[in-house]
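In terms of numbering that gives the first Met the number 0, the sequence shown opens at residue 0 and continues consecutively.
In this text, a Cβ means the ideal position worked out from N, Cα and C, and glycines have one as well.
Remember, it's a predicted structure, so these values are computed and weren't measured experimentally.
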Amino acid sequence: MSSLVAVAEERLEPLTLARNVAWWEVNVEATEENERRRAETELEYSDALADRELFGDVERARIGNGNGEPIVARRLELLQRMMLPHQIEDSLRSRIVQLEAAVEARFSRHRGVIRGEEVDDNEIKRILRESDDSAERREAWEASKTVGASVADDVRELARMRNEAARSLGYRDWFALSLANDEMDEGKLLQTLSDCDRATAEPFARWKNALDMRLGERFGCDASELCPWHYADPFFQEAPVEGSVDLDPHFKGKDVVGLAGRTFEGIGLEVAGILDRSDLFPRAAKCQHAFCIDVDRGGDVRVLANVTDNQDWTDTMLHELGHGVYDLGFDEDLPWLLRDTHLVTTEASALLFGALAGDREWLERVLEIGAGEAAALDGRLRSARAAELLVFTRWVLVMTGFEQALYADPESDLDTTWWDLVARHQLVSPPDSRRAPDWAAKIHVAVAPVYYHTYLYGSIVAAQLRDSLTAAAGGLVERPEAGKILVDKLFSPGASVRWDRLVEQASGSPLSVESLARAVAAV
Ligand SMILES: [Zn+2]
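Dropping the structure here:
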C-alpha cells in the first residue's frame, strides 16, 4: 500500500509543481504564452487525477489497508478524494470544463451600461459608494445585474451537468458530493447555518434598522422606501461606510509590507523568505487581486498583491501571509500528500491575521498610533468589526441556501427563491415586480460552486482561535507564545488530521458559533 501511495505522490508532485508555477506566472504577467502554459499544465494535472486505473488501485488499497498504518490510510483517503470528482465520463467532464470556461470568459468580458456608457465593476461600486442620486444608483445596480441574464441559462445547464456527474458517482446531487468530498457533514452544516442565523438575526436587524435610518436621511426618503441600490455593494455583501471606521489616514505614507513583516516577527513567525519571493506592487498586465501560493510544498511560498498604503491592503497583506505562515509551518517529516491544508483552517488563519489591521492592540503596538487615540477608537472598532461579521454571515446564508435549492432542482423558480432568501436574511426587498435571474450575476454560483460556506466556517474558526489565544497567551500581537501555539496545534499537522479535529485541537473546542455570537453582540 505504501508503495502505491509513493508512486502516486511521485506522479502528482511534478504536475502540481508545474501547475503552480504556471499559475504564478500567468498572474504575474498575462501573456499568451503564459496562458497557454497554464491551460496545458492544468490539463496534465486533471488527466492524472482522472486516471481510472490509478483510482481503482487506490480504492482497492483503501479496502485492503484495513488496519494498516494510519499515515498511509490518510494519504489514500486524500488521494481518493482528490481523484473522485474526476472519475466521470470523459465527455461529461469536458463539457463541464468547457462551459465553465465559457461562462467565466463571459463574466470577464461583460460590461454593464450606465447612461449609454459601458462601465466596469469598479465604476459600479464607486457609484454605489459615493452617489447621492437615487436614479443614478438604480441604473448602476441594474447594470450590475445584466450579466446574470446573459449567463443564467448556462449556469442552470452547469447545475444539471454537475448533478449528472454527482449521480454517476452515487451522490444525491452536486451539493451533497461537494460537501462529502470536502469532509463536511451536511447535517452539521445545516445545523451550523441555522445556529448562525439565530445568533445574528436580532443584532443584524437592530444594526440594519439604524443603518436604514441614516440612509433614509442621506437619500431623502423614508427608511421603508429604501431599495437594493441604496446599499453600498451590489449584493449587500459588505458593510457600507456608514457602519465602519475610516482608518486610512493612519495608513497613509506607511510601509505596509514592513508593517506586515513586523507583525509576524513579533509573533515569532518567519516571513522574510516569503516576502523575498513575492510580487507585491501594482504593475501593468498583472492580476489585480491578491493570493498566496505554496508552490512546492517545500518552502517556496509566495504572495501576489498590489499593495497601496491603506487599511484594506494592510488587511490583505496580513491575510495572505496568514496563509503563508501556515504552509511554512508543516512538520518537516510529513509526506507530500499531507503537506496541505483544508480550506477552512487556512482561511481561519488568514482571517485571524487580516483582522489585526483593525485591531486596537495592533494599531497601538505595530502601527504606533498613540495609546489615547487607540483607546478612543476601541468601541467603534469593535462595532465596525461586528457589523462586518453580521453583514457577511447574513450574505453567506443567502448564498448557501440558494445553492442548496439550485442543486435540489435546477428547473425550479430560482428568481423567486433568490429574492425570498435575500428578503429573509438580508432584510432587503426586491424592487417592485422585478423578474430577473439576479442569482446568476454572482460569479461564484457559476465557477466556484458550493464553496461559500467554507468562508463562513473560516470566520467562525478565526473567532474561536482569537478567543482561545486570548485565554492562553493574552492575545496575538507581539506574543510569540501565540505563534508557537498556532504552529504546534494548527499548522504542523498539515492534512494528517481532519479539519474539524484540527479545529478542536487548536482552539480547545469543536466548531461552534459561540465566539462569533459574542463578537457580533458588540454591534
Ligand atoms: Zn484567504
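Own chain residues within Cβ distance below 6 Å of residue i, not counting five before or after
i      : result
ARG137 : TRP228
CYS226 : PRO430
ARG29  : The sequence shown places Ala at residue 29, rather than the Arg named in the question. For ALA29, where only same-chain residues beyond five positions count, the Cβ hits under 6 Å are ALA284.
VAL449 : PHE174, SER177 and GLU402
LYS488 : GLN504 and ALA505
ARG217 : none
ILE95  : MET160
GLY482 : ILE266, GLY267 and LEU268
ALA198 : VAL512 and ALA516
ALA461 : ALA347, LEU350 and LEU351
TRP361 : LEU355 and VAL476
Rounded Cβ spacing between residue i and residue j (contact assumed at less than 8 Å)
i      : j      : result
LEU91  : GLU156 : Going by Cβ atoms, the distance from LEU91 to GLU156 rounds to 12 Å, so no, they are not a contact pair.
ALA7   : LEU78  : 6 Å
LEU3   : ALA60  : 5 Å
HIS318 : LEU274 : Going by Cβ atoms, the distance from HIS318 to LEU274 rounds to 15 Å, so no, they are not a contact pair.
ALA494 : ASP339 : 4 Å
GLN425 : ARG393 : 5 Å
VAL154 : ALA439 : 5 Å
CYS291 : GLY323 : 5 Å
LEU192 : THR344 : About 19 Å separates the two Cβ atoms, so there is no contact after all.
ILE123 : SER149 : Rounded, the Cβ-Cβ distance is 16 Å, inconsistent with contact.
LEU388 : SER458 : 7 Å
ALA204 : GLY215 : With a Cβ gap of about 16 Å, ALA204 and GLY215 do not count as contacting.
GLU202 : VAL519 : According to the sequence provided, residue 202 is Pro. The question's Glu does not apply to it. 5 Å between Cβ atoms; contact.
ASP232 : GLN310 : Contact flag wrong, Cβ pair sits at about 17 Å.
ILE62  : LEU168 : That pair is no contact at about 17 Å.
TYR451 : VAL496 : No, TYR451 and VAL496 are not in contact; Cβ-Cβ is about 24 Å, not under 8 Å.
Residue i classed as buried or exposed, judged by whether at least 16 other C-beta atoms fall within 10 angstroms
i      : result
LYS441 : buried
PHE280 : exposed
LEU127 : buried
THR469 : exposed
MET212 : exposed
ASN121 : exposed
GLY115 : exposed
PRO13  : exposed
ASP314 : buried
GLN463 : buried
ALA375 : exposed
SER243 : buried
VAL306 : buried
ALA165 : buried
SER348 : buried
ALA238 : buried
GLY186 : exposed
VAL270 : buried
LEU42  : exposed
LEU189 : exposed
Neighbourhood of residue i by C-beta distance below 7 Å, restricted to the same chain and skipping five residues each side
i      : result
ASP308 : PHE250, LYS251, GLY252, LYS253 and VAL255
THR416 : PHE401 and ALA404
PHE329 : ARG338, PHE490, SER491 and GLY493
ASP119 : ARG110
Distance cut-off 7 Å: residue i Cβ against heavy atoms of ligand 3
i      : result
ALA151 : Among the ligands modelled here, namely ligand 1, ligand 3 does not occur.
Cut-off 8 Å between Cβ atoms - residues of its own chain near residue i, not counting five sequence neighbours on either side
i      : result
ASN64  : MET0, VAL71, ALA72 and LEU75
VAL146 : ARG105, PHE106, HIS109, GLY111, ALA439 and ALA440
PRO272 : A quick correction: the sequence has Gly, not Pro, at residue 272. If we look at GLY272 and ignore the five residues flanking it on each side, its Cβ neighbours are GLY298, VAL300 and LEU327.
LEU366 : HIS249, PHE250, LYS253 and LEU258
ASN19  : ILE292, ASP293, VAL294 and ASP295
Within 8 Å, strictly: CB atoms of residue i and residue j
i      : j      : result
ALA435 : ASP414 : yes
SER514 : ASP466 : yes
ARG36  : ALA21  : yes
ASP278 : VAL27  : yes
PRO568 : ILE266 : Summary: the structure shown does not reach residue 568, with the chain confined to residues 0 through 522, and so no result is reported for it.
VAL512 : ALA386 : no
ASP293 : ASP332 : no
LEU477 : ARG364 : In the sequence under discussion, the amino acid at residue 477 is Glu, which differs from the Leu named in the question. Result yes, Cβ atoms of GLU477 and ARG364 sit closer than 8 Å.
TYR406 : ASN162 : yes
LEU420 : VAL397 : yes
VAL390 : GLN236 : yes
PHE234 : LEU320 : no
ALA17  : THR40  : yes
LEU342 : THR453 : yes
TRP533 : GLU182 : Because residue 533 is not part of the residues shown, which for the chain are 0 to 522, the question remains open.
ALA139 : ILE113 : yes
GLY353 : LEU380 : no
Min CB distance residue i to chain C below 8 Å
i      : result
ASP437 : In summary, chain C is missing from the structure at hand, where a single protein chain is found.
Those runs of the alpha helix (DSSP H) which lie wholly inside the region 224-277 and span at least 4 residues:
247-250, 255-265 and 271-276
Could I get the ranges of all uninterrupted beta strand (DSSP E) runs contained in the region 59-120, with 3 residues as the minimum, in chain order?
Qualifying beta strand (DSSP E) stretches, in chain order: 111-113 and 116-118.
Runs of 4 residues minimum, wholly inside the region 410-486: which ones carry the alpha helix (DSSP H) assignment?
List check, alpha helix (DSSP H) in window: 413-420, 442-446, 451-472 and 479-484.
Going along the chain, which unbroken runs of the alpha helix (DSSP H) with 4 or more residues stay wholly within the region 115-185?
120-129, 133-167 and 173-180
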